[in-house]
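Student:
Chains as they are written, first to last, in our numbering: chain G, 46 to 227; chain Z, 634 to 839.
1) Measuring CB to CB, does residue 691(Z) end up less than 8 Å from residue 835(Z)?
2) Output, in chain order, the set of chain Z residues within a Cβ distance shorter than 7 Å of residue 156(G).
3) Give me the Cβ distance between residue 137(G) and residue 121(G), rounded to the nearest whole Å; I'm assuming they're in contact under 8 Å.
4) Could you confirm whether any beta carbon from chain Z is found closer than 8 Å to the beta carbon of residue 224(G)?
5) Pull out every residue of the stretch 795-808 of chain Z whose Cβ sits closer than 7 Å to any Cβ of chain G, in chain order.
6) Which complete beta strand (DSSP E) runs does the stretch 108-196 of chain G hold, if anything under 3 residues is left out?
7) Hey, quick one: how far does the alpha helix (DSSP H) through residue 810(Z) stretch, first residue to last?
8) Apart from the five residues on each side of it in sequence, which residues of its chain come closer than 7 Å, Cβ to Cβ, to residue 203(G)?
9) Would you mind working out which of 778(Z), 813(Z), 696(Z), 653(Z) sits nearest residue 92(G), comparing C-alpha positions?
10) Closer than 9 Å, Cβ to any Cβ of chain Z: which residues of the stretch 94-121 of chain G, in chain order?
11) Compare the C-beta of residue 780(Z) against all C-beta atoms of chain G and say whether one is closer than 8 Å.
12) With 8 Å as the threshold, decide whether the Cβ of residue 680(Z) is near any Cβ in chain G.
13) Which residue from 812(Z), 776(Z), 800(Z), 733(Z) puts its Cα closest to that of residue 721(Z)?
14) Excluding the 5 residues flanking residue 668(Z) on each side, which residues of the same chain have their C-beta closer than 7 Å to its C-beta?
15) Return no unless some Cβ of chain Z is closer than 8 Å to the Cβ of residue 91(G).
16) Flag residue 194(G) as yes if its beta-carbon sits less than 8 Å from any beta-carbon of chain Z, otherwise no.
17) What separation, rounded to the nearest whole angstrom, lies between the Cα atoms of residue 715(Z) and residue 174(G)?
18) Between 83(G), 86(G), 85(G), 218(G), which lies nearest to residue 153(G) when the distance is taken from Cα to Cα?
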């Protein structure tokens with residue numbers, strides 16, 4: 046039987062593993078033969094290693110659709126030279142996340158926008174992860190400034206003034222992992 | 634401090650920075666609207682999700698629909714994802730729920746528990762051979778995998794799920810329990826019965 050190097054791919058035994066089962070054939074109780082054990086472990090390893098051709102066929106389509114999906118979210122009113130317009134709050138959150146993740150020693154964990162009368166933005170709450178050891182008040186100040194830049198850019202004249210909008214900066218976690226905080 | 638990270642699967646572009654980014658970071662970014670991060674999650678966990686739901690539904694078209702629906706639900710649900718489970722486990726939970734919805738529209742639906750599906754071994758093998766008209770799999774290894782798929786088809790859905798999630802996807806008993814909605818103790822019992830039944834079926838294979 047041709048060999049695919051599968052025997053070494055077996056999972057490490059776990060202390061929670063169930064003991065090897067007894068096989069009952071008709072009225073006869075028996076343990077699986079070594080040949081059956083070998084077949085089962087090879088078949089299992091093949092299944093584990095095998096990425097179905099079906100997934101390969103649909104992968105690009107699934108990912109392409111993922112890139113076009115949107116989430117329903119509240120409208121936020123903005124204003125430019127020729128009048129008012131509306132942005133989905135999800136768009137604002139996405140832009141804020143990108144900008145905040147560029148702030149040294151900070152990454153956005155949660156962002157919430159709250160609108161008031163006439164769908165004007167009146168509250169942004171940003172929850173952060175900060176790098177371990179970073180001066181937190183400085184980080185919060187940089188994030189606040191970055192958030193105001195984004196809001197000015199997106200909402201124009203209706204972007205709330207820095208002293209008008211209550212921007213709560215909450216440090217929800219700290220990390221020293223460079224993959225989490227650039 | 635966020636220091637512990639979930640294992641990261643190899644992606645299609647090994648060595649790229651994204652291939653090293655932990656699931657929870659991609660989930661956080663996707664939850665905040667980063668579609669590229671979500672696409673990476675989809676590519677990372679899509680194979681396991683498809684492998685699992687295909688063996689619940691036994692139909693590639695249904696499996697594709699199921700994966701698409703799961704990805705849509707995941708995109709919508711990520712902003713409220715609280716890291717109570719791993720992303721992979723969460724996607725498998727969504728996959729099983731969606732597969733059950735799809736199966737309820739079929740005739741006959743797969744049994745909810747206990748009873749065996751209403752098909753015999755020969756029919757299962759014939760169905761799988763039809764699904765896998767792939768010359769590359771017309772080998773001893775391909776035959777062995779077909780035999781395993783046939784053995785899986787003969788199992789009740791919960792046993793099949795438990796066996797796949799443990800032996801193929803390497804989930805813990807607690808993670809499997811959250812996917813199939815049982816206790817870890819019940820999962821152990823189902824796994825033992827599934828192992829016994831599969832070993833019995835494979836005794837017939839040459």
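The beta-carbon is built from N, C-alpha and C at its ideal position, and this holds for glycine as well. Owing to the predicted nature of the structure, the values given are computational and were not obtained by experimental measurement.
Tutor: Reading off the structure:
1) no
2) 665
3) 6 Å
4) yes
5) 800, 801, 803, 806
6) 120-125, 128-133, 151-160, 166-176
7) 806-813
8) 122, 123, 124, 165
9) 778(Z)
10) Residues passing the 9 Å Cβ filter: 95, 96, 97, 98, 99, 100, 101, 102, 103, 104, 106, 107, 108, 109, 110, 111, 112, 113, 114, 115, 116, 117.
11) yes
12) yes
13) 812(Z)
14) There are no such residues.
15) yes
16) No, its Cβ sits nowhere closer than 8 Å to a Cβ of chain Z.
17) 15 Å
18) Of the candidates 83(G), 86(G), 85(G), 218(G), the one whose C-alpha sits nearest the C-alpha of residue 153(G) is 218(G).
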